[in-house]
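Student:
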Amino acid sequence: MGRAIAGCIINLISSTHPHFKSLLSEGLWGFPDNKLNRRRWSALKPGLRALLYFQHKEVKGVWGVAEVVEVSESREPVHYWVENPAGYPLQVRLRLLQPVELAPTPTDPLNPEVFDGVKPLRKEELAALGASMFRPTADRWSILLFGDEPPATYSSAIFDKILDEYTLRNVKPRPAKPRSHDEIVDMIAEIGRMQGKFVEKEVEIDGKRIDVAWKRIARGVPYAVFEVSIEGDLYADLVKLKHAFDAWNSIAILVTTAKKRGEAEKWISGAFHEVKQYFRVIEIEDLVQLYEKKRQYKELENKLGLL
Numbered sequence: 547m548g549r550a551i552a553g554c555i556i557n558l559i560s561s562t563h564p565h566f567k568s569l570l571s572e573g574l575w576g577f578p579d580n581k582l583n584r585r586r587w588s589a590l591k592p593g594l595r596a597l598l599y600f601q602h603k604e605v606k607g608v609w610g611v612a613e614v615v616e617v618s619e620s621r622e623p624v625h626y627w628v629e630n631p632a633g634y635p636l637q638v639r640l641r642l643l644q645p646v647e648l649a650p651t652p653t654d655p656l657n658p659e660v661f662d663g664v665k666p667l668r669k670e671e672l673a674a675l676g677a678s679m680f681r682p683t684a685d686r687w688s689i690l691l692f693g694d695e696p697p698a699t700y701s702s703a704i705f706d707k708i709l710d711e712y713t714l715r716n717v718k719p720r721p722a723k724p725r726s727h728d729e730i731v732d733m734i735a736e737i738g739r740m741q742g743k744f745v746e747k748e749v750e751i752d753g754k755r756i757d758v759a760w761k762r763i764a765r766g767v768p769y770a771v772f773e774v775s776i777e778g779d780l781y782a783d784l785v786k787l788k789h790a791f792d793a794w795n796s797i798a799i800l801v802t803t804a805k806k807r808g809e810a811e812k813w814i815s816g817a818f819h820e821v822k823q824y825f826r827v828i829e830i831e832d833l834v835q836l837y838e839k840k841r842q843y844k845e846l847e848n849k850l851g852l853l
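Positions in the sequence shown are counted from 1; adding 546 to them yields the working numbering.
(1) Should Y781 go down as buried or exposed, given a rule of 16 or more other Cβ atoms within 10 Å for buried?
(2) How many Å lie between D685 and W587 at the Cα?
(3) DSSP three-state call for D783: helix, strand or coil?
(4) If you follow the alpha helix (DSSP H) that W587 is in, where does it begin and where does it stop?
(5) How should N580 be labelled, buried or exposed, when 16 other C-beta atoms within 10 angstroms of its C-beta is the threshold for buried?
(6) L727 lies in the alpha helix (DSSP H); which residues open and close that run?
(7) Any chance you could list the alpha helix (DSSP H) runs of at least 4 consecutive residues sitting entirely within the region 767-836, in chain order?
(8) With DSSP as the reference, identify every bridge partner of R621, one or two as the case may be.
(9) Go through its chain and collect everything with a Cβ distance to G693's Cβ below 7 Å, but skip five positions before and after it.
(10) Pull the bridge partners of E616 from the DSSP assignment, please.
(11) Work out the CA separation of H602 and T562 for me, nearest whole Å.
(12) Starting from the C-beta of R755, find all residues in its chain whose C-beta is less than 7 Å away, skip the five residues before and the five after it, and write them out in chain order.
(13) Taking the beta carbon of D783 as the centre, do at least 16 other beta carbons fall within 10 Å, making it buried, or is it exposed?
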């Protein structure tokens with residue numbers, strides 16, 4: 547089922563235009579009262595998504611996404627609109643959704659610098675997606691409607707494509723989820739299995755336990771041992787790895803945080819310098835990335851029937 551009005555694009559002219567301050571200070575914008583503007587403005591409803599089109603840093607395009615909060619008509623002068631304070635009676639109030647969430651007020655205005663980090667959809671890109679933008683000079687203060695019924699200018703499918711493209715190129719990566727000691731141990735074990743190694747966890751040595759050991763043959767000694775050091779005693783973890791090297795001639799691999807890596811390398815270059823060449827230090831995020839790539843590769847092999 548189609549949507550009568552799916553969203554709109556509002557032409558805000560330029561981030562340096564005097565009228566732009568009304569958006570920054572109150573989320574307010576207005577349009578001259580003519581037949582075309584009134585027809586489109588009348589279709590705006592609270593909750594509707596609005597793509598904000600303007601020139602910023604010499605680039606014309608969609609720089610933000612907002613939600614229509616209020617639609618009203620007023621002939622009262624608006625002091626921001628210096629060209630003609632009472633000349634824009636078809637008004638709309640907006641709450642910004644991207645690149646930040648904010649309903650601007652005079653005491654909590656929007657800083658125009660928030661747009662500096664945006665990757666806009668340029669005018670040419672909008673045209674390629676099916677929306678030719680604001681060609682006539684008389685169309686400067688104007689609205690484009692997207693929907694599947696009049697008075698829509700373009701289809702709702704085009705609006706969805708534009709909104710999705712803006713969101714995809716401006717989505718902020720989520721902070722990496724902290725990984726627990728046991729999660730990392732399980733990943734190391736699984737990587738070993740995917741590489742065809744014989745894997746043991748909690749391998750005893752000198753009354754202590756090494757987190758993970760990889761063997762080439764089931765009854766052989768470990769050729770690589772891993773110790774995960776996140777919040778524990780870093781020196782004690784390195785000592786366990788050194789004992790494993792002494793006992794089995796194993797490659798000693800410390801898996802730790804980026805923050806602790808420097809300290810680990812100092813210990814290895816100092817107290818353990820004689821066997822430094824047998825130590826490896828791997829950051830947790832690098833190991834997680836290796837695990838994900840290995841897992842994806844194995845899944846693809848399974849899918850293609852290559853295992």
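Cβ atoms here follow ideal geometry from the backbone N, Cα and C, with glycine treated the same way.
In this text, all values refer to a predicted model and were calculated from it rather than measured experimentally.
Tutor: On the basis of the coordinates in this document:
(1) exposed
(2) Below a pLDDT of 50, predicted positions are generally treated as unreliable, and D685, at 49, falls in that range; the measurement from the model is reported next regardless. Looking at the two C-alpha atoms, the distance is approximately 14 Å.
(3) helix
(4) 581-587
(5) exposed
(6) Sequence inspection shows His at residue 727; the Leu mentioned does not correspond to that position. Here the alpha helix (DSSP H) through H727 covers 727-740.
(7) 780-794, 804-815
(8) According to DSSP, which records beta bridges pairwise, R621 is partnered with nothing at all.
(9) R549, A550, I551, A552, S702
(10) R639
(11) 8 Å
(12) E748, V749
(13) buried
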